[in-house]
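If you count the sequence shown from 1, position 108 lands on 154 in the working numbering, and the numbers rise without skipping.
Glycine is no exception: its CB is placed at the ideal position from the N, C-alpha and C atoms.
Keep in mind that this is a model prediction, so the values were computed, not measured.
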Amino acid sequence: MKLTQVRHFSHASVILTCCCISIAFAAPAAAAHFSLLDWIELSPNDAPPARSYLAMTYDPVSGKIIAFGGFDGTGYLNDTWSFDGTSWAQIATQSAPPGRAAAQMTYDSVTQEVVLFGGYDGTNYLSDTWLWDGSTLQWTQATPKHHPTAVTGLMLFPDPNGSADLFGGFDGQFYQLTMWQWDGSDWTQLFPPTVPFARASAAVATNTSTGQVVMFGGLADVNPNNTWTYDGTTWTLQSPAVQPLLVYAASAAFDP
């Protein structure tokens, strides 16, 4: 039996989903109540072929969810798909990032573009940056002077100020704890006074109601089972009374 259990601390929560269990994080002062929600299986006429470790984010410019790449069991993909809430459509692009898995992408509200970085192509860890324009439905490769280390399983997310921030990842030897910010043309390394322990493949989402990024779990030499929040200036280790079991490669999303 599949159970989707959601614990809501407020009407605006960050939902982490893994192993059919969803858990919400929000401001601790909010009142708690419980509800059971159901997943609804859709049957679109078309859909991306089965894959793992794809990159996906919502693009407000096109009003659609954009999905890119992944691994299908035999090869690394570089196709682009959009989802409008009802149906999937493959997008024919003039150019596209090379095939890869475990890249990440997020919407940058400052530049109004989706930013994609990193991943693994079966041979190399990648450090290229690609930009998605939701008005033209096209990819463009950026040529920044600086960039994060080539990594897979990075965390890429909108910070409370709207810019695209990157944290962590795995470079083939070490788990990273560096943090970078995209300004539309270049990457700048950030140095918050406090940062989470090094990790890759953590679940991360931005709660726009509290103005905080929430990050949980991930992979490391000792897999972290902790919750961190970021307010745009520094990271804070939280101690919630209830949190998920240790997970990695899980997904999180903001539920307003």
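Using a 10 Å radius around the Cβ and a threshold of 16 neighbouring Cβ atoms, would you call residue i buried or exposed?
i	result
Leu-88	exposed
Val-259	buried
Gln-379	A question about residue 379 goes unanswered here, because the residues of the chain that appear run from 47 up to 302.
Thr-175	buried
Ile-86	exposed
His-193	buried
Asp-205	buried
Ser-133	exposed
Asp-130	exposed
Pro-302	exposed
Pro-290	buried
Phe-71	Low confidence applies here, because Phe-71 scores a pLDDT of 39, under 50, leaving its location unreliable; read the following figure in that light. Phe-71 comes out buried.
With respect to the beta strand (DSSP E) encompassing residue i, which residues constitute its N-terminal and C-terminal limits?
i	result
Leu-251	A quick correction: the sequence has Ala, not Leu, at residue 251. Per DSSP, Ala-251 belongs to the beta strand (DSSP E) from 249–253.
Gln-289	That residue, Gln-289, is in no beta strand (DSSP E); it is neither H nor E in DSSP.
Asn-124	122–129
Asp-105	101–105
Trp-85	Segment: none, Trp-85 is in no beta strand (DSSP E) and carries neither H nor E.
Leu-283	281–284
Asp-301	297–301
Report back the beta-carbon spacing between residue i and residue j to the nearest angstrom; my notes put them in contact at under 8 Å.
i	j	result
Tyr-171	Thr-189	No, Tyr-171 and Thr-189 are not in contact; Cβ-Cβ is about 19 Å, not under 8 Å.
Ser-304	Trp-228	No answer is possible for residue 304: the residues shown for the chain start at 47 and end at 302.
Arg-146	Asp-179	About 20 Å; that fails the 8 Å criterion.
Next on the checklist: Please give the ranges of any beta strand (DSSP E) in the region 192–246, keeping only runs that are unbroken, at least 3 residues long and fully inside the region.
Outcome noted: 201–204, 210–213, 225–228, 233–236
Checklist entry - If you scan the region 152–187 from start to end, which runs of the beta strand (DSSP E) of 3 or more residues do you find wholly inside it? => result 159–163, 175–179, 184–187
Next on the checklist: Under 8 Å, with one C-beta from each stretch per pair, do the region 124–140 and the region 149–159 reach the 3-pair mark?
Outcome noted: no
Checklist entry - For the region 252–272 against the region 205–222, are there 3 or more C-beta pairs whose distance is under 8 Å? => result yes
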